[in-house]
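Step one of this worksheet: look at the structure below.
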Amino acid sequence: MDGTNTSTFDIRVPRSDLVIWVRMPRWLCVWGILSRRIMNRGGTRPEMAPGCPEKMEWQFFRFVWTWEKVYGPRVAAGLTAYAGDRPVLVLKSRREMRDLLDLIGAGA
5 MDGTNTSTFD
15 IRVPRSDLVI
25 WVRMPRWLCV
35 WGILSRRIMN
45 RGGTRPEMAP
55 GCPEKMEWQF
65 FRFVWTWEKV
75 YGPRVAAGLT
85 AYAGDRPVLV
95 LKSRREMRDL
105 LDLIGAGA
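The sequence shown runs 5 to 112 under the numbering used here.
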């Protein structure tokens with residue numbers, strides 16, 4: 005399942021086999037924003053479309069900083085309401101993400 009738009013949880017969560025919630029600390033998310041800005045210095049990141057320079061918008065910075073407080077409880081409630089017996093895996097660090105990717109890759 006991709007995305008945390010809770011208005012469609014009633015449709016998406018019951019249809020998923022597994023929910024992976026990447027719930028990184030906000031300082032790490034902010035660090036990612038700042039480091040991308042510094043590394044790209046207004047240029048276009050390789051994964052972005054040509055002509056879309058890296059920029060820092062304060063609205064986005066604020067959204068990321070307040071996301072956990074504003075949206076985290078909504079996502080948690082939506083998962084509680086609709087997950088049923090589906091496993092919900094919450095990843096809270098880059099290490100946990102790497103470990104999961106290593107685990108998935110080990111079986112391939």
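In this text, a Cβ means the ideal position worked out from N, Cα and C, and glycines have one as well.
C-beta atoms of residue i and residue j nearer than 9 Å
{"i": "Leu95", "j": "Ile24", "result": "yes"}
{"i": "Met101", "j": "Val34", "result": "no"}
{"i": "Pro18", "j": "Arg66", "result": "no"}
{"i": "Glu61", "j": "Arg45", "result": "no"}
{"i": "Arg40", "j": "Arg30", "result": "no"}
{"i": "Phe13", "j": "Leu83", "result": "yes"}
Spatial distance of residue i from residue j (CA atoms)
{"i": "Trp71", "j": "Gly55", "result": "28 Å"}
{"i": "Arg98", "j": "Asp106", "result": "12 Å"}
{"i": "Gly4", "j": "Ser11", "result": "Since the first residue shown for the chain is 5 and the last is 112, residue 4 is missing from the structure and cannot be characterised."}
{"i": "Val92", "j": "Leu38", "result": "30 Å"}
{"i": "Ser20", "j": "Ala53", "result": "30 Å"}
{"i": "Gly36", "j": "Ile108", "result": "25 Å"}
{"i": "Glu51", "j": "Ala85", "result": "35 Å"}
{"i": "Gly47", "j": "Trp69", "result": "24 Å"}
{"i": "Ile42", "j": "Asp6", "result": "28 Å"}
Beta strand (DSSP E) segment containing residue i, residue limits
{"i": "Leu95", "result": "Val92 to Leu95"}
Segment limits, alpha helix (DSSP H) that includes residue i
{"i": "Leu83", "result": "Gly76 to Tyr86"}
{"i": "Phe45", "result": "In the sequence as displayed, the identity of residue 45 is Arg instead of Phe. No alpha helix (DSSP H) holds Arg45; DSSP gives it neither H nor E."}
{"i": "Asp21", "result": "Looking at the DSSP string, Asp21 is not in any alpha helix (DSSP H), and its letter there is neither H nor E."}
Beta-carbon separation (whole angstroms), residue i vs residue j, contact threshold 8 Å
{"i": "Val2", "j": "Thr8", "result": "The structure shown does not extend to residue 2, since the chain is modelled only from 5 through 112, so no value can be given for it."}
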